[in-house]
Every structure is written in C-alpha cells, then in structure tokens.
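**Q** This structure is in structure tokens; I'll ask about it shortly.
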Amino acid sequence: MRIFRLTAVTAMLSIILIISSACQPGMKRYTDTILGAFDTVITVIAYCESDQAFEKLSGHAETRFIELHQLFDRYNQYDGVVNIHTLNAHAGQGPLKVDPELIRLLEQAGEWYRQSPGTTNIAFGSVLELWHDARTEGLTNPAAARLPEMAALTEAARHTDMDQLLIDKAAGTVELADGQMRLDLGAVAKGYATELVAQELTTLGYQHFIISSGGNVRTAGNPQDGKRSVWSIGIQNPDAADDGEELLDTAYLTDLSVVTSGDYQRYYTVDGQRYHHIIDPATLKPGVHHRAVTVITRDSGFADFLSTTLFLLPYADGRNYIDQLPGTEALWVLADGSLQYTDGVKNWFKTIGGATNPSPVP
2 MRIFRLTAVT AMLSIILIIS SACQPGMKRY TDTILGAFDT VITVIAYCES
52 DQAFEKLSGH AETRFIELHQ LFDRYNQYDG VVNIHTLNAH AGQGPLKVDP
102 ELIRLLEQAG EWYRQSPGTT NIAFGSVLEL WHDARTEGLT NPAAARLPEM
152 AALTEAARHT DMDQLLIDKA AGTVELADGQ MRLDLGAVAK GYATELVAQE
202 LTTLGYQHFI ISSGGNVRTA GNPQDGKRSV WSIGIQNPDA ADDGEELLDT
252 AYLTDLSVVT SGDYQRYYTV DGQRYHHIID PATLKPGVHH RAVTVITRDS
302 GFADFLSTTL FLLPYADGRN YIDQLPGTEA LWVLADGSLQ YTDGVKNWFK
352 TIGGATNPSP VP
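Counting in this note's numbering, the sequence shown runs without a single skipped number right up to 363 at its last residue.
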C-alpha cells in the first residue's frame with residue numbers, strides 16, 4: 002500500500018546498518034535491490050556466510066517477486082499467465098483455470114474480508130478503477146483534474162459483491178459471475194507476496210534478513226553485527242512526507258511485519274484539495290478518518306490488509322476490531338494529527354514506549 006513510507010531501507014535502517022557495519026564471525030551483510038515488481042523498489046538486506054549464499058537468496062527473492070507481481074497484476078497481461086487482468090477481462094464469461102497461488106490469495110483475502118468489518122474488499126475494483134483513471138488524468142493534466150462522477154461511482158459499487166467471485170479449488174478455476182465486476186488486489190498483494198517470499202527464504206535456511214517492499218517491511222531473525230539484537234525501522238511523520246526528513250517514531254522488531262497505509266503519497270489535487278487513493282466503500286470517496294495507520298503483526302499479508310481496513314474505519318470501530326486480534330498492534334495518526342495506539346505498541350516503539358535496540362546477550 003503504500004503510502005505512509007516505512008523508511009527501513011530508504012532512510013533510517015540503511016543509515017543504521019551502514020554505521021553498524023561490523024558482523025558476527027562468519028557472517029557478512031549483503032544488500033540487493035529488486036526492480037520491476039509491484040511498481041516499487043524492493044530491498045533485501047541479509048546476513049549470510051558467503052557471496053554464493055546471498056546470490057542464491059537474492060536470486061530466489063527476485064524471481065519470486067517478479068512471478069507474483071505478474072500473477073497479481075490487474076493492469077497488464079503476460080504471455081502464458083492467467084492473472085487478475087485476465088480474470089477482469091473475462092468477467093461474466095465463465096470460469097478460467099488459474100494458478101493455485103492465485104486461488105490461495107483470493108481465498109485468503111476473502112476470508113480476511115468476511116472476518117473483518119468489511120472495508121477492504123478485493124472485488125471493489127470497478128470503483129477503484131474510476132478513481133485510478135481520474136487520478137491518472139489529473140496528474141497528467143493538472144489543469145483539467147476532475148473527480149469521478151458520483152453516479153458512475155454508485156453504479157460501479159453495484160458490482161462489488163464478493164459472493165459473485167466464484168472459486169472452485171478442486172477444479173482450479175475462478176469465475177467473476179458479474180460481468181461488471183473487477184478485482185483489485187492492491188490492498189493485499191504486496192504484503193502477501195512479501196510474506197510468501199520471507200517464508201520461502203526461511204525454508205531455504207536463511208535466518209537473518211529484512212525485506213522492504215514499498216512500505217511493507219518483514220523482518221526475520223536479527224542483525225548479525227554484534228551490536229543490535231533487533232531491526233530498527235523508521236516510521237515517517239505524515240506531516241513531513243513532502244521533505245521526507247522527520248520520523249514519527251522508530252520501531253525495534255524481529256520476526257514481525259510492519260505495514261502502514263496513509264493519505265499522502267498516491268494522490269492528486271482538484272480545486273486545491275488533495276484526493277488520495279484509499280477509497281471508503283461507505284462513501285465511495287477517499288477515507289477521511291486518519292492521516293495514517295501502522296500495523297505490526299507476524300504476517301505481512303495480514304498487516305497489509307489490516308492497515309487499509311483500519312484506515313477506513315473510525316478510530317473506535319478500528320480499535321474494537323484490532324483488540325480482538327491476538328499478536329496484532331496498531332498506531333493511528335488521526336485526522337487532527339493526534340496519536341492513538343494499542344497497548345502493545347509501547348513494547349516496540351522508541352518514543353511512544355521507550356523501547357530500545359539492545360545489544361545481543363553475550
């Protein structure tokens with residue numbers, strides 16, 4: 002999603018790791034950048050015992066991120082790939098055979114949606130498409146920037162029923178029964194892919210790494226520099242987003258994900274007012290409750306889903322929902338700039354809770 006930029010690689014984390022460049026005996030610090038996936042820069046930092054070991058890690062990560070990007074992409078078609086773009090183009094024309102990995106994500110997103118207050122719907126693409134087109138036109142020609150017509154948005158919203166997404170796991174098929182339905186995985190795909198790649202790297206035997214994929218940050222193990230036992234992740238202040246300097250706080254994490262959704266990166270301006278890309282299904286307009294919401298939990302895909310869900314809920318409703326989810330914490334920057342957070346945030350955040358980045362136990 003993102004948005005409220007998690008500066009794990011682009012700012013704070015990279016500085017800390019450069020300063021703390023010493024490594025444990027036998028371990029070296031490596032960095033790789035992946036381009037061409039999920040319309041963002043993906044950075045992997047890992048501690049490995051050899052160049053060859055890191056080359057294997059980075060090669061696997063790059064291959065998988067590209068594969069998953071192509072599978073989850075709604076805007077482009079690729080040779081030999083039945084993806085979200087294909088499904089949308091085939092809406093109302095019967096089932097299509099798809100990759101089992103796509104079925105797993107669609108089922109997972111549907112399960113999360115049905116167990117939540119219902120603000121993050123992957124079948125909301127018909128509405129999001131209208132806003133996407135208006136934003137693209139407005140950025141291309143600011144003088145002609147416009148809002149989508151409410152009549153068109155209302156009509157599009159009639160085609161967002163998740164029950165019209167038919168998945169036959171046994172047959173390996175997916176069908177959009179409503180010919181006007183459009184899927185959009187933007188609220189879950191990047192986090193889901195990041196989690197999947199992280200789990201695969203762990204299965205391959207890699208223990209200490211961090212993946213930053215455009216604001217979705219997944220940590221594993223801890224830095225092997227002999228100086229720190231957790232990863233340091235800078236959380237940007239939305240009021241300082243334009244200059245990219247000021248941090249809201251610093252999170253100290255290991256084996257957890259942190260994802261933020263916010264109002265200040267993907268936006269355009271109409272008549273002097275900004276309109277961001279996180280659209281509230283209740284109003285069919287950009288959400289207005291918060292400037293940003295940060296979620297910390299184990300699974301990066303779930304964190305991605307939750308950050309959007311909470312962003313589109315009033316604070317009281319979001320707090321009630323998140324308090325029912327074990328092992329999950331959240332930080333809200335409300336519309337007036339004030340902060341709210343769950344109790345567990347204090348365990349991980351430097352300024353809010355006094356957390357530190359301790360040295361490893363000898």
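All C-beta atoms, glycine included, are put in the ideal place defined by N, C-alpha and C.
All figures in this text were calculated on a predicted structure; none of them were measured in a lab.
DSSP three-state call for T203: helix, strand or coil?
**A** helix
**Q** Can you say whether K332 is buried or exposed, counting buried as having 16 or more other CB atoms within 10 angstroms of its CB?
**A** The sequence shown places Leu at residue 332, rather than the Lys named in the question. So L332 ends up on the buried side.
**Q** Secondary structure at V271, three-state DSSP: helix, strand or coil?
**A** Of the three classes helix, strand and coil, the one that applies to V271 here is strand, per DSSP.
**Q** Apart from the five residues on each side of it in sequence, which residues of its chain come closer than 6 Å, Cβ to Cβ, to S117?
**A** Excluding sequence positions up to five before and after S117, its CB lies within less than 6 Å of the CB of T310, all in the same chain and listed in chain order.
**Q** With DSSP collapsed to three states, give me the class of Q53.
**A** helix
**Q** Is the distance from the Cβ of V289 to the Cβ of S262 below 8 Å?
**A** no
**Q** Look at the alpha carbon of A194 and the alpha carbon of I212, and state the distance between them as a whole number of angstroms.
**A** 11 Å
**Q** Determine the DSSP secondary structure at E138, reduced to helix, strand or coil.
**A** Helix at E138.
**Q** Report the rounded CA-to-CA distance for V362 versus V334, giving the unit in angstroms.
**A** Only weak support is given to the placement of V362: the predicted model assigns it a pLDDT of 42, under 50, and the question is left unresolved by the model.
**Q** Quick one: Cα of G354 to Cα of L249, how far?
**A** 13 Å
**Q** Bridge partners of V175, per DSSP?
**A** In DSSP, V175 forms a bridge with L97, I168.
**Q** Express the C-alpha separation of T87 and K170 in angstroms, rounding to a whole number.
**A** Using only the alpha carbons, I get a separation of about 18 Å.
**Q** Apply the 10 Å Cβ neighbour rule to R183 and answer buried if 16 or more other Cβ atoms are within range, or exposed otherwise.
**A** buried
**Q** Any chance you could list the beta strand (DSSP E) runs of at least 3 consecutive residues sitting entirely within the region 272-354, in chain order?
**A** 274-277, 291-298, 330-335, 340-342
**Q** Here's the rule: buried if 16 or more other CB atoms are within 10 angstroms of the residue's CB, otherwise exposed. What is A62?
**A** buried
**Q** For the structure I just gave you, are there three or more beta carbon pairs, one from the region 49-66 and one from the region 162-178, closer than 8 Å?
**A** no
**Q** Taking T87 as part of the alpha helix (DSSP H), name the residues at either end of that continuous run.
**A** 85-90
**Q** How do the region 272-279 and the region 252-261 stand: do at least 3 beta-carbon pairs fall below 8 Å, yes or no?
**A** no
**Q** List the endpoints of the continuous alpha helix (DSSP H) containing L184.
**A** Taken as a continuous stretch (DSSP letters only), L184 belongs to no alpha helix (DSSP H), as it is neither H nor E.
**Q** In terms of residue numbering, what span does the beta strand (DSSP E) encompassing A38 cover?
**A** 29-38
**Q** Hey, is the region 34-43 in contact with the region 67-78, meaning 3+ C-beta pairs nearer than 8 Å?
**A** yes
**Q** I'd like to confirm the pairing. Which residues does DSSP put opposite R219 in its beta bridges?
**A** I212, S258
**Q** By Cβ distance below 7 Å, which residues in the same chain neighbour S59 in space, the five residues on each side in sequence not counted?
**A** D33, V45
**Q** When the Cα atoms are used, what is the spatial distance from P149 to Q266?
**A** 19 Å
**Q** Counting only the same chain and skipping the five closest in sequence on each side, list residues whose C-beta sits under 7 Å from that of F55.
**A** The beta carbon of F55 sits closer than 7 Å to those of Y31, A47, C49, all from its chain and outside the five residues before and after it, given in chain order.
**Q** First and last residue of the alpha helix (DSSP H) that includes A157?
**A** 151-158
**Q** What are the boundary residues of the beta strand (DSSP E) that includes S233?
**A** 232-237
**Q** Taking the DSSP output, what are the residues bridged to I43?
**A** I35, S214
**Q** Using the beta-carbon count (16 or more within 10 Å), is S22 buried or exposed?
**A** At S22 the pLDDT is 43, less than 50, meaning the model places this residue with poor confidence; the figure from the coordinates comes in the next sentence. Exposed: under 16 other Cβ atoms inside 10 Å.
**Q** Give the secondary structure of L148 by DSSP, where H, G and I count as helix, E and B as strand, and everything else as coil.
**A** Of the three classes helix, strand and coil, the one that applies to L148 here is coil, per DSSP.
**Q** Smallest Cα separation from I1: which of G338, D337, G345?
**A** The structure shown does not extend to residue 1, since the chain spans only 2 to 363, so no value can be given for it.
**Q** Using the C-alpha atoms, what's the distance from G81 back to L97?
**A** 13 Å
**Q** Rounded to a whole number of angstroms, what is the C-alpha to C-alpha distance between W113 and G95?
**A** 25 Å
**Q** If I'm right that T329 touches T298 with Cβ under 8 Å, what's the distance once you round it to whole angstroms?
**A** 4 Å
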